[in-house]
Amino acid sequence: MRIIIEDSYESMSKKAALMLAGQILLKPDTILGLATGSTPIGMYKELVRMHKEEDLDFSNVVTFNLDEYVGLDKNDKNSYHYYMFQNFFNHINIKKENIYIPDGMAQDLEEECKRYERIIEEKGGIDLQILGIGKNGHIGFNEPDLKFEATTHVVKLDEETIMANSRFFNSIAEVPRFAISMGIKTIMHSKKIILLASGEEKAEAIYKAIYGPIVPKHPASVLQLHPDVTFILDKDAAKFI
Ligand code: GLP
């Protein structure tokens with residue numbers, strides 16, 4: 012495990028973008044695993060800048076998003092689909108057919124999870140997975156649990172997560188209670204993982220992820236078992252490191 016501590020959110024975002032760009036330069040048909048939330052927004056901004064000013068080429072890149080809310084339409088401003096196009100895909104030269112995001116509106120959600128997992132496998136698995144972290148240690152939407160959920164699955168969101176994510180919605184009642192998320196096994200099968208965290212409110216979750224016992228009650232702790240994981244933190248998130 013590598014731990015990189017940066018002075019600010021901006022330098023954390025730039026470092027992550029540089030690592031991701033390096034991966035694409037080495038392997039133009041890279042399969043990326045992508046995350047949402049407020050943390051990676053700075054990284055996406057920097058990647059868009061690199062595309063516009065430095066010709067970083069996404070034409071052969073394939074992306075899989077970690078998760079999506081159940082019951083939100085693609086055009087809903089709070090869907091992760093909308094977030095990804097607004098913050099990233101609309102501004103780079105990625106091909107639409109190379110973008111994969113779970114469909115939270117699928118009639119048969121179980122089937123959608125299987126389909127998603129199948130496509131990841133068919134494409135040869137994820138080369139580089141970007142992760143954020145929830146205050147309760149969740150990665151993707153793998154919430155604290157009694158067991159690690161293996162593959163893409165439907166999750167019931169924790170009250171704490173609903174509360175944290177309600178800042179993006181008009182009211183807490185509007186926050187979906189369920190989501191589709193890649194599982195721990197899906198994430199752990201990625202060849203490389205970069206986890207980003209910023210701000211003091213993530214400091215405890217980061218400490219437990221790095222030094223705590225490897226337990227499903229703190230999903231990010233499983234990353235201790237991955238052979239190529241890099242934590243990129245700003246100094247507030249690294250407060251207890
Ligand atoms: C959501 C997402 C996660 C993300 C987490 C933290 O619940 N499903 O992928 O890591 O929130 O979000 P933020 O970066 O806004 O703190």
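For the sequence shown, my numbering gives the first residue as 12, with consecutive numbering after it.
Virtual Cβ for every residue (Gly too), placed ideally from N, Cα, C.
Measuring CA to CA, which of the options is closest to residue i?
i	options	result
residue 124	231, 50, 164	164
residue 140	34, 118, 215	34
residue 177	15, 89, 21, 156	89
residue 46	151, 204, 30	151
residue 48	65, 72, 76	76
residue 117	25, 83, 231	83
residue 136	167, 58, 198	198
residue 93	226, 72, 115	115
residue 167	113, 24, 153	153
residue 36	106, 21, 66, 99	66
residue 122	109, 155, 162	162
residue 42	91, 106, 189, 210	106
residue 72	174, 22, 103	103
residue 134	157, 142, 108, 119	108
Please confirm whether residue i and residue j have their CB atoms less than 8 Å apart.
i	j	result
residue 252	residue 218	yes
residue 233	residue 206	no
residue 54	residue 235	no
residue 80	residue 238	no
residue 61	residue 32	yes
residue 159	residue 195	yes
residue 230	residue 148	yes
residue 74	residue 111	yes
residue 130	residue 208	no
residue 203	residue 146	no
residue 39	residue 18	no
Could you check whether the Cβ of residue i sits closer than 7 Å to any heavy atom belonging to the ligand GLP?
i	result
residue 241	no
residue 77	yes
residue 117	no
residue 152	yes
residue 143	yes
residue 282	Beyond the ends of the chain as shown, which are 12 and 252, falls residue 282; an answer cannot be given.
residue 24	no
residue 74	no
residue 98	no
residue 46	yes
residue 19	no
residue 49	yes
residue 176	yes
residue 162	no
residue 197	no
Have a look at the DSSP bridge pairing and note the partners of residue i.
i	result
residue 13	241
residue 44	75, 140
residue 153	150
residue 204	140, 240
residue 220	For residue 220, which the question treats as bridged, DSSP gives no partner whatsoever.
residue 110	74
residue 28	DSSP output for residue 28 lists no bridge partner at all.
If you count every other CB in all the chains shown that lies within 10 Å of the CB of residue i, and 16 or more means buried, which is it?
i	result
residue 86	exposed
residue 244	buried
residue 70	exposed
residue 138	buried
residue 222	exposed
residue 249	buried
residue 170	exposed
residue 24	buried
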